[in-house]
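Residue numbers (full-length UniProt numbering): 1 to 79.
Just so you know, even glycine gets a beta-carbon here, dropped at the ideal spot from N, CA and C.
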């Protein structure tokens with residue numbers, strides 16, 4: 001069994017929460033942060049299953065095996 005580790009970014013919007021996996025450019029949503037994360041996990045699992053069927057899983061593994069991953073927030077002021 002292969003194990004993958006990706007970043008998950010979650011933010012609030014008017015109608016709920018959006019979840020996003022930047023490495024795969026996969027997103028989902030939910031009514032709570034927990035639901036958005038759960039739905040993102042399902043979407044990423046489907047993405048990985050499809051990549052496996054298409055013979056593209058090795059490309060995904062290279063991205064997933066990057067050991068140093070960071071998240072941060074930026075505040076930029078425009079005039």
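Item: For residue 47: DSSP bridge partner residues; Value: BP columns for residue 47 are empty, so no partner.
Item: Three-state class that DSSP yields for residue 69 in the structure shown; Value: coil
Item: Helix, strand or coil at residue 41 [DSSP, three-state]; Value: helix
Item: 8 Å CB neighbourhood of residue 62 in its chain, flanking five on each side removed; Value: none
Item: Opening and closing residue of the alpha helix (DSSP H) in which residue 82 lies; Value: The displayed coordinates of the chain run from 1 to 79. Any statement about residue 82 would go beyond what the structure contains.
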